[in-house]
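Asker: Chains as they are written, first to last, in full-length UniProt numbering: chain A, 1 to 194; chain B, 1 to 194; chain C, 1 to 194; chain D, 1 to 194.
We treat Cβ as the ideally placed atom computed from N, Cα and C, and that holds for glycine.
Protein chains: 4
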Amino acid sequence: MSAPTARGGRPREERVDAAILSATRELLVEGGYAGLTVGAVAARAGIGKAAIYRRYETKQEMVFAAAVHGLDLESPPDLGSLRAELEWLTEVIAATLSGPAVAGALGGLLADMSDDAVVSRMRETFVAHQRANVTAVLDRAVARGELTSRPDAAVVHAMLLGPVFAWLFVLREPGDVRGFAPTLARMAAAALSA
Amino acid sequence: MSAPTARGGRPREERVDAAILSATRELLVEGGYAGLTVGAVAARAGIGKAAIYRRYETKQEMVFAAAVHGLDLESPPDLGSLRAELEWLTEVIAATLSGPAVAGALGGLLADMSDDAVVSRMRETFVAHQRANVTAVLDRAVARGELTSRPDAAVVHAMLLGPVFAWLFVLREPGDVRGFAPTLARMAAAALSA
Amino acid sequence: MSAPTARGGRPREERVDAAILSATRELLVEGGYAGLTVGAVAARAGIGKAAIYRRYETKQEMVFAAAVHGLDLESPPDLGSLRAELEWLTEVIAATLSGPAVAGALGGLLADMSDDAVVSRMRETFVAHQRANVTAVLDRAVARGELTSRPDAAVVHAMLLGPVFAWLFVLREPGDVRGFAPTLARMAAAALSA
Amino acid sequence: MSAPTARGGRPREERVDAAILSATRELLVEGGYAGLTVGAVAARAGIGKAAIYRRYETKQEMVFAAAVHGLDLESPPDLGSLRAELEWLTEVIAATLSGPAVAGALGGLLADMSDDAVVSRMRETFVAHQRANVTAVLDRAVARGELTSRPDAAVVHAMLLGPVFAWLFVLREPGDVRGFAPTLARMAAAALSA
DNA sequence: GTGTAACCGAGACGGTACGTCCTGTCTTGCC
DNA sequence: GGCAAGACAGGACGTACCGTCTCGGTTACAC
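#1: Which value, in whole angstroms, describes the spacing of the CA atoms of Arg15(B) and Ala40(A)?
#2: Please name the residue in Leu110(A), Arg121(A), Ala158(A) whose C-alpha comes closest to that of Arg131(A).
#3: Have a look at Ile93(C) and Gly46(C) and give me their C-alpha separation to the nearest angstrom.
#4: Taking its Cβ as the centre, do 16 or more other Cβ atoms sit within 10 Å of Arg10(D), making it buried, or is it exposed?
#5: What span of residues does the alpha helix (DSSP H) with Trp167(D) cover, start to end?
#6: Which of helix, strand or coil does DSSP assign to Pro100(C)?
#7: Can you pull the chain B residues whose beta carbon is under 8 Å from the beta carbon of Phe64(A), in chain order?
#8: Going along chain A, which residues have a C-beta under 7 Å from Ala190(B)?
#9: Roughly how many whole angstroms lie between the Cα atoms of Pro151(C) and Pro163(D)?
#10: Decide if Asp176(C) is buried, meaning its Cβ has at least 16 other Cβ atoms within 10 Å, or exposed.
#11: Quick one, which residues of the region 126 to 137 of chain D are near chain C if we go by CB-CB under 8 Å, in chain order?
#12: Assuming the contact rule is C-beta atoms closer than 8 Å, Leu82(D) and Glu146(D) should be a hit. Round their C-beta distance to whole Å, please.
#13: Between the beta-carbon of Tyr33(C) and the beta-carbon of Gly108(C), is there less than 9 Å?
#14: Would the beta-carbon of Ala166(B) fall within 9 Å of that of Ala189(A)?
#15: Would you call the CB atoms of Ala181(D) and Thr96(D) closer than 9 Å?
#16: Distance cutoff 9 Å, beta carbons only. Does Met1(C) sit that close to anything in chain D?
#17: Within 10 angstroms of its Cβ, does Ala143(B) collect 16 or more other Cβ (buried), or is it exposed?
#18: Roughly how many whole angstroms lie between the Cα atoms of His129(D) and Arg12(B)?
#19: Exposed or buried, what is Thr148(C) when buried is set at 16 or more other beta-carbons lying within 10 Å of its beta-carbon?
#20: Assign Leu73(D) to buried or exposed, taking buried as 16 or more other Cβ atoms, counted over all protein chains shown, within 10 Å of its Cβ.
#21: Buried or exposed: Asp112(A), going by 16 or more other Cβ atoms within 10 Å of its Cβ?
#22: What number of angstroms, rounded off, separates the C-alpha of Ser22(A) from the C-alpha of His69(A)?
#23: Check whether the Cβ of Arg83(B) lies closer than 9 Å to any Cβ atom in chain A.
#24: At the level of alpha carbons, what is the spacing between Asp17(B) and Phe126(B)?
#25: So which of Glu61(B), Val155(B), Arg178(B) has the shortest CA-CA distance to Ser98(B)?
#26: Suppose you measure from the CA of Val102(D) to the CA of Thr58(A); what does that come to, to the nearest Å?
#27: Any C-beta of chain B within less than 8 Å: which residues of the region 154 to 166 of chain A qualify?
#28: Taking 9 Å as the CB-CB cut-off, is Arg121(A) touching chain B?
#29: Between Tyr56(C) and chain D, is any beta-carbon pair separated by less than 9 Å?
#30: Quick test of your reading: Ala191(D) and Ala191(C), contact by CB under 8 Å. State the CB separation rounded to the nearest angstrom.
#31: When the distance is taken between beta carbons, is Val137(C) closer than 9 Å to Leu184(C)?
#32: Terminal residues of the continuous alpha helix (DSSP H) containing residue 203(D)?
#33: Give a yes or no on whether the C-beta atoms belonging to Ala65(C) and Gly104(C) are separated by under 9 Å.
#34: Find out if the Cβ-Cβ distance for the pair Val170(B), Leu110(A) is shorter than 9 Å.
#35: Determine the direct distance from the alpha carbon of Thr24(B) to that of Met62(B), and round the result to whole angstroms.
What follows is the structure, given as structure tokens:
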């Protein structure tokens with residue numbers, strides 16, 4: 001979809017790609033996923049709806065691309081201790097999820113997707129990289145001798161991502177999510193070390 | 001809404017209340033939040049749409065009432081140890097969230113709500129009771145001497161609810177969520193004891 | 001309907017009858033037939049909707065009763081000439097049709113009725129009496145020698161009623177309908193005499 | 001409404017315009033104005049409701065367009081005498097009003113309209129042309145010397161249209177309206193000549 | 001007097017239509 | 001062939017109204 005063979009004809013304008021993503025992010029901040037309309041994105045971007053559907057098959061794909069695009073691409077640095085690196089991971093996750101566009105989009109994306117291809121893509125893009133980072137951190141901790149055996153990365157990932165997710169989307173504490181990260185990392189480190 | 005003073009006039013029929021909730025739950029299971037129609041609920045319940053809108057201002061309120069109604073009302077029994085009780089809590093949370101109606105509804109509800117009254121109601125109903133249960137468990141652990149000081153119940157709640165939530169709605173591992181609960185509870189107990 | 005056998009039980013309150021008709025007429029003036037609601041009539045009259053439907057089977061019957069009630073019951077006096085009496089008839093018709101409640105109701109009544117009982121009742125009540133008056137006037141003109149044979153009363157009635165009706169409901173000239181009556185009567189007299 | 005400036009974009013399809021009008025006329029014949037549903041028109045026409053509301057602001061406008069469209073566009077031929085031409089006019093009016101779609105629509109249209117723009121448009125379209133025809137006929141009669149002065153065309157129009165209108169919508173005589181036209185025209189000619 | 005039957009205001013009930021909105025596709029004419 | 005504009009089919013949404021029914025209570029006539 002995003003890369004149809006594109007043999008001949010006029011090339012797509014990058015300006016349009018950028019305008020779509022940027023307008024989507026704006027409207028996501030202003031009105032959340034609900035209240036975001038493909039027509040409104042087109043109008044805000046000063047383009048036609050067809051230019052959107054030429055790039056994304058559905059509204060969900062567009063929002064996913066806009067919200068997730070370019071997120072969380074760094075790998076965790078070696079900070080010397082499991083706990084410090086877990087804290088780094090948690091903070092990156094919290095920063096990613098609490099960005100205004102992501103916050104507006106994530107709930108909505110979960111809604112419109114049942115079990116189809118989009119959710120798979122999302123898992124691959126959004127989840128796989130984070131899990132790789134978790135794996136790297138755990139491997140380093142084993143190498144350092146902080147852990148005797150490497151726990152399941154998926155479980156550890158859920159333990160870091162989950163509370164942040166719940167905090168933002170269900171609990172919605174008025175307090176800053178960032179302050180939550182160190183506490184969470186400390187508890188996770190303790191749990192793993194035990 | 002659900003309880004207008006109602007001085008005179010024909011009283012509302014409980015049969016209708018029940019039929020709405022039950023039809024909503026059925027359709028939630030069959031087609032998820034997306035794909036659930038107010039008209040379809042009315043048709044399935046054998047009532048008119050107006051009877052629904054007399055009770056709930058929006059589709060979201062109806063779904064919320066149907067999905068959350070009567071959930072998780074038991075209090076945690078004294079099982080003798082913090083870990084056992086955390087495990088009980090986690091299993092209740094997992095059972096609640098993975099029930100078919102709730103699973104179909106929760107994502108969708110998060111979507112259509114920005115920050116308005118519905119999300120507050122949801123927090124009050126859905127979250128408050130679980131948090132009270134967490135508090136009770138922690139208090140008992142302090143009384144037993146398992147913990148020296150009572151940690152923040154909100155944080156502990158997030159640590160239990162969050163991973164389950166993430167597992168179900170983001171990670172969507174094919175594996176059973178139930179198997180996840182004991183691991184999670186064990187790690188939480190270790191984290192708290194440290 | 002209006003007079004069910006009424007064996008036992010509490011008798012109907014005349015206050016309610018009057019309140020219904022009066023509220024209907026008020027709302028007819030304020031908003032026309034469209035925009036008149038049975039619920040609004042009940043509210044304005046300070047009664048329940050059931051009290052209305054106990055008296056009238058449909059909204060149309062109620063409006064008909066309210067608009068037509070007590071209209072046009074006088075018989076045409078002997079004014080000495082056909083033309084004078086035709087003028088009297090035309091003025092009565094114009095006065096009847098241009099009353100505010102009737103004006104608001106008639107179009108609407110015509111709308112909701114296809115060919116059923118209500119239109120028959122309306123014809124009987126509203127039309128029959130006027131036609132009897134036309135017949136009386138024509139008979140007197142024959143007796144006076146102004147006409148050699150009595151024309152069809154239905155045709156003459158249509159020639160008097162019709163232009164007034166069209167003037168009010170289709171043409172809607174801003175000018176006063178009353179000024180139209182003498183001209184119409186004069187032309188009708190000339191047509192009949194020829 | 002029917003002609004927005006429409007600079008760019010896909011032009012409206014004539015097929016859709018025609019399908020709307022044709023489906024409306026069919027349903028008007030089948031069930032009258034009451035019993036005609038915008039949804040049913042859309043379904044019968046094989047189009048979406050939005051395509052209707054893009055063209056007509058309300059159901060009334062649509063029905064008006066369908067019932068009145070293309071009616072009565074001929075001008076009265078010179079038939080040599082006032083009476084013959086009046087008869088022609090009356091027959092055209094009767095034919096117009098007694099057409100099945102118009103008969104189903106007119107009463108209903110009168111109902112839903114109070115005094116707003118729709119009734120004005122209707123007057124302009126439906127009435128203005130007929131009145132112009134009346135004027136032409138009267139002018140020819142003056143030129144022929146049949147009339148000494150030209151009477152008010154509005155009054156004459158009311159005298160022709162009105163009885164037909166009343167006959168069809170109020171009196172509803174079972175007899176054929178067509179037979180009514182010559183009598184009416186003869187009487188009108190006599191009245192004008194006097 | 002005390003039934004009993006029909007009344008009363010209030011308002012919920014099933015049903016149906018309205019007019020608006022949105023999605024994803026298609027069709028113009030211009031570049 | 002991409003692009004802006006916008007029409008298309010389809011269908012859900014939330015509102016409004018109709019005519020019926022139910023509640024708790026009142027009022028007259030008959031026994």
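Answerer: Judging by the given coordinates:
#1: Here residue 15(B) refers to the residue found at position 15 when the second sequence is read from its first residue. Here residue 40(A) refers to the residue found at position 40 when the first sequence is read from its first residue. The alpha-carbon atoms of Arg15(B) and Ala40(A) are separated by roughly 42 Å.
#2: If you number the first sequence from 1, residue 131(A) lands on position 131. It is Ala158(A) whose Cα lies nearest to the Cα of Arg131(A).
#3: Your numbering for residue 93(C) matches position 93 in the third sequence. Your numbering for residue 46(C) matches position 46 in the third sequence. A direct Cα-to-Cα measurement between Ile93(C) and Gly46(C) gives close to 33 Å.
#4: Here the question's residue 10(D) lines up with position 10 in the fourth sequence. So Arg10(D) ends up on the exposed side.
#5: Along the fourth sequence, read from residue 1 onward, the residue named residue 167(D) stands at position 167. Per DSSP, Trp167(D) lies in no alpha helix (DSSP H) segment and is marked neither H nor E.
#6: Residue mapping note: residue 100(C) aligns to position 100 of the third sequence, counting from 1. Helix, per DSSP.
#7: Sequence index remark: in the first sequence, residue 64(A) carries index 64 (1-based). Ordered by position in chain B, no residue passes the 8 Å Cβ test against Phe64(A), which lies about 13 Å from the chain.
#8: The residue labelled residue 190(B) in the question sits at position 190 within the second sequence. The CB of Ala190(B) comes closer than 7 Å to the CB of Ala190, Ala191, Ala194 in chain A, given here in chain order.
#9: Along the third sequence, read from residue 1 onward, the residue named residue 151(C) stands at position 151. Along the fourth sequence, read from residue 1 onward, the residue named residue 163(D) stands at position 163. Across the structure, Pro151(C) and Pro163(D) are spaced so that their CA atoms are roughly 16 Å apart.
#10: Locating residue 176(C) in the third sequence gives position 176, counting from the first residue. The residue is exposed, with fewer than 16 neighbouring Cβ atoms inside 10 Å.
#11: Cβ contacts with chain C come from Phe126, Val127.
#12: Against the fourth sequence, residue 82(D) aligns to sequence position 82. Against the fourth sequence, residue 146(D) aligns to sequence position 146. With a Cβ gap of about 5 Å, Leu82(D) and Glu146(D) count as contacting.
#13: Residue numbering aside, residue 33(C) sits at position 33 when the third sequence is read from its first letter. Residue numbering aside, residue 108(C) sits at position 108 when the third sequence is read from its first letter. A contact, by the Cβ cut-off of 9 Å.
#14: Numbered from 1 along the second sequence, position 166 holds the residue referred to as residue 166(B). Numbered from 1 along the first sequence, position 189 holds the residue referred to as residue 189(A). Against a cut-off of 9 Å, the Cβ pair of Ala189(A) and Ala166(B) comes out as no contact.
#15: In the fourth sequence, counting from the first residue as 1, residue 181(D) sits at position 181. In the fourth sequence, counting from the first residue as 1, residue 96(D) sits at position 96. 9 Å or more divides the Cβ of Ala181(D) from the Cβ of Thr96(D).
#16: What you label residue 1(C) is simply residue 1 of the third sequence in a count that begins at 1. Residue confidence for Met1(C) is low, a pLDDT of 48 falling below 50, so the modelled location carries little weight and cannot support an answer.
#17: The residue you call residue 143(B) lines up with position 143 of the second sequence. Ala143(B) should be labelled exposed.
#18: The residue given as residue 129(D) occupies position 129 in the fourth sequence. The residue given as residue 12(B) occupies position 12 in the second sequence. The straight-line gap from Cα to Cα measures roughly 57 Å.
#19: Position 148 of the third sequence, counted from the start, is the residue given in the question as residue 148(C). By the neighbour-count definition (other C-beta atoms within 10 Å, threshold 16), Thr148(C) is an exposed residue.
#20: Taking the fourth sequence and counting its residues from 1, the one referred to as residue 73(D) is at position 73. Exposed, since its Cβ has fewer than 16 Cβ neighbours within 10 Å.
#21: Your numbering for residue 112(A) matches position 112 in the first sequence. The residue is buried, with at least 16 neighbouring Cβ atoms inside 10 Å.
#22: On the first sequence, residue 22(A) is found 22 positions in, with the first residue counted as 1. On the first sequence, residue 69(A) is found 69 positions in, with the first residue counted as 1. So the alpha carbons of these two residues sit roughly 11 Å apart.
#23: In the second sequence, counting from the first residue as 1, residue 83(B) sits at position 83. Not one chain A Cβ lies under 9 Å of Arg83(B).
#24: Here the question's residue 17(B) lines up with position 17 in the second sequence. Here the question's residue 126(B) lines up with position 126 in the second sequence. For Asp17(B) and Phe126(B), the distance between alpha carbons rounds to 20 Å.
#25: Stepping through the second sequence from its first residue, residue 98(B) is reached at position 98. For Ser98(B), the nearest C-alpha among the options comes from Arg178(B).
#26: Sequence index remark: in the fourth sequence, residue 102(D) carries index 102 (1-based). Sequence index remark: in the first sequence, residue 58(A) carries index 58 (1-based). Take the alpha-carbon of Val102(D) and the one of Thr58(A): they are about 46 Å apart.
#27: Listed by position, the residues of the region 154 to 166 of chain A near chain B (Cβ gap below 8 Å) are Ala154, Val155, His157, Ala158, Met159, Leu161, Gly162, Pro163, Val164, Phe165, Ala166.
#28: The residue given as residue 121(A) occupies position 121 in the first sequence. Chain B contact via Cβ: absent.
#29: As a first step, residue 56(C) must be located in the third sequence, where it is residue number 56. Taking 9 Å as the CB threshold, Tyr56(C) stays off the interface with chain D.
#30: As a position in the fourth sequence, residue 191(D) is number 191, starting the count at 1. As a position in the third sequence, residue 191(C) is number 191, starting the count at 1. Contact holds; Cβ gap of about 4 Å.
#31: Position 184 of the third sequence, counted from the start, is the residue given in the question as residue 184(C). Position 137 of the third sequence, counted from the start, is the residue given in the question as residue 137(C). Cβ atoms of Leu184(C) and Val137(C): not closer than 9 Å.
#32: There is simply no residue 203(D) to check, as chain D begins at 1 and stops at 194 in what is shown.
#33: For the purposes of this step, residue 65(C) is identified with residue 65 of the third sequence, where counting begins at 1. For the purposes of this step, residue 104(C) is identified with residue 104 of the third sequence, where counting begins at 1. Their beta carbons are not under 9 Å apart, which means Ala65(C) does not touch Gly104(C) by this criterion.
#34: The sequence position of residue 170(B) within the second sequence is 170, counting from 1. The sequence position of residue 110(A) within the first sequence is 110, counting from 1. Against a cut-off of 9 Å, the Cβ pair of Leu110(A) and Val170(B) comes out as a contact.
#35: Taking the first residue of the second sequence as position 1, residue 62(B) is located at position 62. Taking the first residue of the second sequence as position 1, residue 24(B) is located at position 24. Straight-line Cα distance between these residues: approximately 8 Å.
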